[in-house]
Each structure stands twice: as C-alpha cells, then as structure tokens.
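Peer 1: In the working numbering, the protein residues as written are 2 to 126. Idealized CB from N, CA, C, for every residue including glycine. This one's a predicted model, so the numbers in the text were calculated from it and none came from an experiment. Sending over a structure as structure tokens; questions will come in a sec.
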C-alpha cells in the first residue's frame, strides 16, 4: 500500500505533465500529496463536525485532484499529445465534476460526521 501512496501521485502527475508540461505537473503532484495527507488527517478528526464548509471544500479538492488526471487523460486520448484543450479548461472540468461528486456524496458524509439526518428507514410494501 505504501508503494502506491508514494508513487501513485507521481504517475498521475506524469499524465498531466505529458499534456501540459512541468509547470502544471509539479503543482499537481504536490496537490495530490497534500490530498493524501489531508485524507489521513481527517480520518479520525472531530473538527469536520464543527466546520462543515471547510470539510466540504477539502472533499471537493480531493475529488478534483484525482479527476484532473482522468480529464487530462481523455484530452490526450482524443486530442493528441499536445493537448487541444488548455490546462485551465481541464481544471475547470475537473472542478465541475468534483463539485458534482462531492454534492452527491455530501448527505452521506454528513451522516458519517454525525450531523446529518438519520439514515432512511427501509420501506416495506
């Protein structure tokens, strides 16, 4: 597991670097390592219950960090190695997809934090 945590962000950053160069790959790799650190730090923390807006933003950044690599990969596959979509375009698409994913999972995340509504009871016919 540690091998993938250590080298996974480098491989994902290499995909972004192949499309947009080192000026985008280096900050993206750092962003991924900070995302991994943030996920480990939030695992047992109680502060997300008190700061839901910050927890939402951190979850959004986590989803968007991973999705940027996948958006860039699709751009490379359909646009060729010199990407036809600018880097800001890929980042915008990744943030939009990350917002949709975070918004869809947010009710379950709030229940996990213990501040959301009670789980829905099963309906019987």
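Between residue 121 and residue 103, what straight-line distance do the alpha-carbon atoms span, to the nearest angstrom?
Peer 2: Mapped onto the chain shown, residue 121 falls at position 120. Mapped onto the chain shown, residue 103 falls at position 102. Any reading at residue 121 is ruled out, since the residue's pLDDT is 48, under 50, leaving its predicted position unreliable.
Peer 1: Determine the direct distance from the alpha carbon of residue 34 to that of residue 77, and round the result to whole angstroms.
Peer 2: Working through the chain shown from its first residue, we reach residue 77 at position 76. Working through the chain shown from its first residue, we reach residue 34 at position 33. Cα to Cα, residue 77 sits roughly 23 Å from residue 34.
Peer 1: For residue 20, count neighbouring Cβ atoms within 10 angstroms of its own Cβ and tell me buried if that reaches 16, exposed if not.
Peer 2: Position 19 of the chain shown, counted from the first residue, corresponds to residue 20. Counting Cβ neighbours within 10 Å, residue 20 comes out buried, since at least 16 surround it.
Peer 1: Which same chain residues, not among the five before or five after residue 59, have their C-beta less than 6 Å away from its C-beta?
Peer 2: Position 58 of the chain shown, counted from the first residue, corresponds to residue 59. Excluding positions up to five away in sequence, the list reads 39.
Peer 1: Can you give the beta carbon distance from residue 26 to residue 18, rounded, assuming they're within the 8 Å contact cut?
Peer 2: As a first step, residue 26 is located in the chain shown; it is residue number 25 there, counting from the start. As a first step, residue 18 is located in the chain shown; it is residue number 17 there, counting from the start. With 8 Å as the limit, residue 26 and residue 18 qualify as a contact, their Cβ atoms being about 3 Å apart.
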